[in-house]
Structures are given as C-alpha cells and as structure tokens.
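Take a look at the structure set out below.
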Amino acid sequence: MLGTGLLQGLAVTAKNLAGSYHDPKRFVTTQYPEERTKLPEAYRNFPFLVSESTDDLMGTLRCVACQICEKECPPQCIYIEKSKDKKPDASGKMQVYPAVFDIDTAVCMSCQICVEVCPFDAIKMDQIFEIAATDRFTGLLLGREALAKPNAYYHTLHPVDAAEVDDRLATARKAAAAKAAPKPAAAPPQPPVAPSAQAPAPKPAA
Amino acid sequence: MSFSLPSPLESAPGARVRAVRDPFHGDLLEVSMGPHHPSTHGVFRMNVTLDGETVVKLKPVFGYLHRNHEKIGENASYLGSMPYTDRLDYLCSMTNNWAYALAVERLSGQTVPERAEYLRVILAELTRLLNHTCFAGFILQDCGASGTPLMYAFREREKILDLFESLSGSRMMCNFQRFGGCRADATPEWLEAARALVDGYGEFEELLTGNEILMARTQGVGRLPAKLAVGAGITGPMLRASGVGYDLRKVDGYGVYPRLDFRVPVGADGDTYDRYMVRVLEMRESIKILRQALGTLPGGPVMDPKARLRGFRAKPGEVYSRIEGPKGEIGFFLISDGGPNPYRYRVRPPSFINLTVLEDLCLGHSIADTVVILGSIDIVLGEVDR
Numbered sequence: 004m005l006g007t008g009l010l011q012g013l014a015v016t017a018k019n020l021a022g023s024y025h026d027p028k029r030f031v032t033t034q035y036p037e038e039r040t041k042l043p044e045a046y047r048n049f050p051f052l053v054s055e056s057t058d059d060l061m062g063t064l065r066c067v068a069c070q071i072c073e074k075e076c077p078p079q080c081i082y083i084e085k086s087k088d089k090k091p092d093a094s095g096k097m098q099v100y101p102a103v104f105d106i107d108t109a110v111c112m113s114c115q116i117c118v119e120v121c122p123f124d125a126i127k128m129d130q131i132f133e134i135a136a137t138d139r140f141t142g143l144l145l146g147r148e149a150l151a152k153p154n155a156y157y158h159t160l161h162p163v164d165a166a167e168v169d170d171r172l173a174t175a176r177k178a179a180a181a182k183a184a185p186k187p188a189a190a191p192p193q194p195p196v197a198p199s200a201q202a203p204a205p206k207p208a209a
Numbered sequence: 003m004s005f006s007l008p009s010p011l012e013s014a015p016g017a018r019v020r021a022v023r024d025p026f027h028g029d030l031l032e033v034s035m036g037p038h039h040p041s042t043h044g045v046f047r048m049n050v051t052l053d054g055e056t057v058v059k060l061k062p063v064f065g066y067l068h069r070n071h072e073k074i075g076e077n078a079s080y081l082g083s084m085p086y087t088d089r090l091d092y093l094c095s096m097t098n099n100w101a102y103a104l105a106v107e108r109l110s111g112q113t114v115p116e117r118a119e120y121l122r123v124i125l126a127e128l129t130r131l132l133n134h135t136c137f138a139g140f141i142l143q144d145c146g147a148s149g150t151p152l153m154y155a156f157r158e159r160e161k162i163l164d165l166f167e168s169l170s171g172s173r174m175m176c177n178f179q180r181f182g183g184c185r186a187d188a189t190p191e192w193l194e195a196a197r198a199l200v201d202g203y204g205e206f207e208e209l210l211t212g213n214e215i216l217m218a219r220t221q222g223v224g225r226l227p228a229k230l231a232v233g234a235g236i237t238g239p240m241l242r243a244s245g246v247g248y249d250l251r252k253v254d255g256y257g258v259y260p261r262l263d264f265r266v267p268v269g270a271d272g273d274t275y276d277r278y279m280v281r282v283l284e285m286r287e288s289i290k291i292l293r294q295a296l297g298t299l300p301g302g303p304v305m306d307p308k309a310r311l312r313g314f315r316a317k318p319g320e321v322y323s324r325i326e327g328p329k330g331e332i333g334f335f336l337i338s339d340g341g342p343n344p345y346r347y348r349v350r351p352p353s354f355i356n357l358t359v360l361e362d363l364c365l366g367h368s369i370a371d372t373v374v375i376l377g378s379i380d381i382v383l384g385e386v387d388r
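So the protein lines, in turn, are chains B and V.
Numbering follows this note's numbering, with no gaps: position 174 of the first sequence is 177.
Numbering follows this note's numbering, with no gaps: position 99 of the second sequence is 101.
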C-alpha cells in the first residue's frame, strides 16, 4: 500500500520523540560548560614536556634537546635550541637541555608522532582542550615555560604508562649510578618517583 | 572601416548559451552551482547548462581544497605522511591509514601480527558502517529531508567515533596504523563496547527503506550502465550498484578477509536507488564481518617487534597497493630510492575517479536530481582535491 513506508518511518520518529522524555538512551545531550563527559584515556590534544619535579619545572625537564621530534614532526611545528651547558638528565647522564622549546599549537595537528619517536619519554600528549587565546601569535605559540608540566600530572592522565616510564628511568638511573660510582660514598640514594634536581652522579665513562 | 565589439549582454554568433538581453533568451541557461552550495558536499562547483529545468551539459569544477598532499608526501618521512592520509577522506581515516600502511609494508617487506590484521579488519568495517550511515543521511538531506535523517545518521556515527576516540585518541584524525601493525591494542572493555555497538545497529534502516518519497526521488534517476562504469574505472559500491560484482576484499583477499564469510551485494539497474540499497546491504554484511572478527580475534602483540619507527627507510623499489575503502578502491603508489622519504607518492582516490561520470549520470535529469545524483556518488572533497 502506498504510504506504508512513510508511516513506518514516522513511527520511528514518534518513538524517538516519546523516548526523549523518559528513555535514558535518548538523553544524549551533555550541557557542556556545566556538565562534562569523561574523556577517554587515549584522548590526545597537544603535547607537553614532562618535568621530574613539581617545584623546579625548568630545571628538571626530561628533554635533552636531541631534536628528533623536531625532525619527525610532520607539520614542522616544533622549534628547539640546544643549551650551551650541560646538566644531568632523568637517567643521570650529563646532557644538554632545551634552551628554547617552542610548539606552535596553531600548526600542530595532534598526530602524536613526537611522543612516539621520543626516546627519553620527555614529551607526552595533553588532554586540555580549552585553549582559546585572544592573540593568535603569542597566544598559540607555546614556549617551554608553558609546555612544562610535572610528572605527577602525567600520572593523573595515564597512570599505567607513567608508572612504567618511571620504572624504566629508575632502572637506568641505578645502572648509571652503579657504573659511575667506584667510591661507594658517591652514590646518592635516588627516590624511585619524581626525584628533584639532586647533586648529579658523576658522568659515566661510556 | 567600421568595427564594433558586441555588447557583453548580447550573445556571440552561434553561441549555445544566450546572454540575458539576447532576442533568443530563454532557450538555455548556464548556472554555476557552488562552490559554496550546501548540497555539493564541500567546496565543489558544477557549471550546469539548463534547458528549462533539464540539464543538457554539466562541467564539474574542483580543486578548491587542494592541499598539495602528494608533494608533501614526497618531502615528509614515510611515517610523517601517515597523519596526512587521515585528511584525505576525513570520514574514513582508518581505511586510508590501512591502505598507506599496507603500501609501505609491501615496499619494505614487513609482516603484520595476526591480532593487528584482525584489528584492522574490525576498524575498516566500522569505518564502512560509519561512512555508509553518513551517506544515507546525506542523500536524504539532498532529497530535501532537511535535518531529521542526517541527525539520526550522525547519532549512530557518534557511537563509532566514540569507539575510535577511546582506541586511537582522536575521533576522526585517527592516525592509528603503523608500518608493521597498529599503534595501540584494543582493551577487553573496548571490544565489549564494539560488540554492543554491532548488536544494536539498525534503527536507521527502518526509518528510510521502503519510504515512498525516497523511492520516487531515486528510482530510475542517474542510471550508470555497467559498461560505462567499468570503462571509467568506477570502483566500490557505485560499481557494484551497476551490477558488476567486483570487490577487492574478494579479488585481492588482503588482510584476513579470505577467512571471513561474507557476500558482495550487487545492484541491478545502476540507478541512485541501487546505489543507496547496495550500501545498506553492505552495512549488513559489515555487521556480519564484525561479528566474526570480534568473535575470533586472536591474542598476541599488535605490532611487529622488529618494526622501526625512527629513521625508517624502505628498500629501493616501487609498489602499488590498494584496499577496498568504503567509497571504492583506495590505493597508494610509492617509489622508494632507499631514502627516508618516498621518491614518488601518489594516491588513487576513489571519490575523484567516481566523480568523472557525473555528467553522464546527470544529462536529461532535472537540476534537483543533479543534487541527489551527486549525493549518491558519495564524494569527500578532501580526497577529490587532495
């Protein structure tokens, strides 16, 4: 009969209309600024730099300015300048650190390739998405001060991954300390999580 | 010696299209539809010549969204091109990723673990569901049903996008496949959510199929003969709607598709309605594939442990690799000279090649049908213009 298909379709619409008053499956709208949906753990937005210590963000950056992410970044939104001096990195080796580390978030396409290629677990993806700025140049070009965030923050985003990274770094630190400490007094006890900028272990021979 | 230019408002002698102040005004009218027309699915222009309301000539104009994709691919590293492939057909980033990863894997002779192959099939079929759902919404929008069907489609699509987001971190720009596997593994909770989604997919069809207005608008409109379809290189659901049973999942048997039991729906008339119905039937087959793949997903790693991420170089050589994307054959042609980036990088975009027969489909139909026919080709301008 002509019109049955139409009526069948209208029945679906009517069911949904009625459902929008009582069926929890139909309550799909989130009243955004007041209510927020929980982001999935894998969600990624823009990168940030991991610092070991909460108090001394600039002094304990994991980044050693190796510039691999700068080379691999597909839209070329990372700019790094190496420091002239050296300081101990997260695994206890003497390394240069980034004197300048800029990410232009206006260019960044959130692809996560910098995170994947980083051998030092120094750059991770953030989940903050409310980043509107009134100035599109300085507001969106983030320097290392704006990018640095403590390891504790990374723990809140990805607890399992962060613990794994900490374990790996602690093992590397222990190995470096054991290698570089012929005199037993020189090896300072290292806390496993979030060590601050301590007196550096002497530079390993290798 | 007298010489006078014709006034711009008078037609040149012999012109088929008459200017407005021409004494013969009224026979043909040239209309520029687009590029900012809501029914052209992006920035796409059709120069249509109309006799009354009937299309007598149609010239597609595109390139407004050209982003230099292929040249960027030749200058970026192999890995660096992966996120750009998301932006080709931005509804189907998972299949674009897979096609590109497959090309590089063939070039460098890498193998993919079993679990990753299954995961790729699951994600590709979810993408097909997503794409065809959106297609149904868009074509109804093009028929004039403004709002309701599209919102139903987007509601279903959102569920799949949520799955993609919880797996890959991004709803549309997934950037998920890597050379030698997948970037992340699916958790048991994710697989459970995927199973629940597959089981509860379907209200949409009830809303539309059998709708008399849809049938009246689409049956017999925009017939594509099988011979023309094959000759023009049409692939995907559009080719199958014309009655040619050609599906790369069966023909090439890439991935684990040969192990899965599914059928290839084929149309009879090749009209717009068939192009709609073939996609609806394909969604049913996709659900069948998803049930099997989710049921038999093996354990193990999702990434080849030997695969290199940093400083990846492929062996010198060339490769063309293709998969059956939701819109048709999406292929990548790569030439490697052994360096860190491909010497030549070329995309075979299904939307663009399917679009080439637009004039043949539209001739003799009304201008309102042109919009529906364009919708039934299912293009994404990101892929047409690249």
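Cβ atoms here follow ideal geometry from the backbone N, Cα and C, with glycine treated the same way.
Taking the Cα of V/Glu-331 as reference, the smallest distance to any Cα among V/Ala-101, V/Val-57, V/Tyr-80, V/Met-48 is reached at V/Ala-101.
B/Pro-101 and B/Glu-119 do not touch by the CB rule: their CB atoms are close to 19 Å apart, not below 8 Å.
Measuring C-alpha to C-alpha distances from V/Thr-51 to each of V/Asp-306, V/Asn-99, V/Met-35, V/Ala-243 identifies V/Met-35 as the nearest.
Put simply, the CB of B/Arg-47 is near chain V, with a gap under 8 Å to one of its CB atoms.
The continuous alpha helix (DSSP H) containing B/Asp-164 extends over residues 162-183. The beta carbon of V/Phe-354 is closer than 6 Å to those of Val-386 in its chain, skipping five residues each way along the sequence.
Apart from sequence neighbours up to five positions away, the residues of its chain that approach B/Ile-71 with a beta-carbon distance below 6 Å are Val-120, ordered along the chain. At a Cβ-Cβ threshold of 8 Å, V/Asp-380 and V/Gly-183 do not count as neighbours.
For B/Pro-162, the closest Cβ of chain V is not nearer than 8 Å. Look at the stretch 96-181 of chain V and you find these whole runs of alpha helix (DSSP H), each 4 residues long or longer: 116-145, 150-170. B/Lys-127 is classed as buried because its beta carbon has at least 16 other beta carbons within 10 Å across all chains shown. In this model, V/Asn-98 and V/Leu-90 are separated by some 7 Å (Cα to Cα). With the criterion set as a beta carbon lying under 8 Å from some beta carbon of chain B, the members of the stretch 169-180 of chain V are Leu-169, Ser-170, Gly-171, Ser-172, Met-175, Asn-177, in sequence order.
Assignment of B/Met-112 by DSSP, reduced to helix, strand and coil, places it in the coil class. Between V/Met-174 and V/Ser-95, the CB-CB gap stays under 8 Å.
Scanning its chain for C-beta atoms nearer than 6 Å, with the 5 sequence neighbours on each side dropped, one finds around B/Met-112 the residues Pro-78, in chain order. Using a Cβ-Cβ cut-off of 8 Å, V/Tyr-86 counts as an interface residue toward chain B, since at least one Cβ of chain B sits closer than that to its own. The residue among V/Gly-340, V/Thr-211, V/Val-373, V/Gly-341 with its C-alpha nearest the C-alpha of B/Gly-8 is V/Thr-211.
Between the stretch 44-58 of chain V and the stretch 351-369 of chain V, the count of C-beta pairs closer than 8 Å reaches three or more; the two stretches touch. Per DSSP, the beta bridge partners of V/Asn-49 are V/Ser-34, V/Lys-61. The beta carbons of V/Leu-336 and V/Val-349 sit no closer together than 8 Å. Counting every other CB atom within 10 Å of its CB across the protein chains shown gives V/Met-153 a total below 16, marking it as exposed. Partner residues in the beta bridge of V/Arg-324, as assigned by DSSP, are V/Gly-333.
Per DSSP, V/Tyr-259 lies in no alpha helix (DSSP H) segment and is marked neither H nor E.
Here the stretch 274-289 of chain V does not lie against the stretch 70-89 of chain V, with fewer than 3 beta-carbon pairs under 8 Å apart. By DSSP's assignment, B/Phe-51 forms a beta bridge with B/Lys-127. According to the DSSP assignment, V/Gln-294 belongs to the alpha helix (DSSP H) that extends over 274-297. In this structure, the CA atom of B/Asp-88 is about 37 Å from the CA atom of V/Glu-76. Here the alpha carbon of V/Leu-132 sits roughly 11 Å from the alpha carbon of V/Ile-289. Pairing V/Ala-155 with B/Gln-98, the inter-Cα distance amounts to about 54 Å. Among the bridge pairs identified by DSSP, B/Leu-144 is matched with B/Asp-107.
Using a CB distance below 8 Å, the part of the stretch 99-121 of chain B facing chain V consists of Met-112, Ser-113, Cys-114, Gln-115, Ile-116, Glu-119, Val-120, ordered along the chain.
The beta-bridge partner set that DSSP reports for V/Cys-184 consists of V/Gln-179. The straight-line gap separating the alpha-carbon atoms of B/Ser-56 and B/Gly-62 is approximately 8 Å. Contact between the stretch 161-179 of chain V and the stretch 23-33 of chain B is absent: fewer than three C-beta pairs spanning the two stretches fall below 8 Å. When CB distances to chain V are screened at a threshold of 7 Å, the residues of the stretch 49-74 of chain B falling below it are Ile-71, in chain order.
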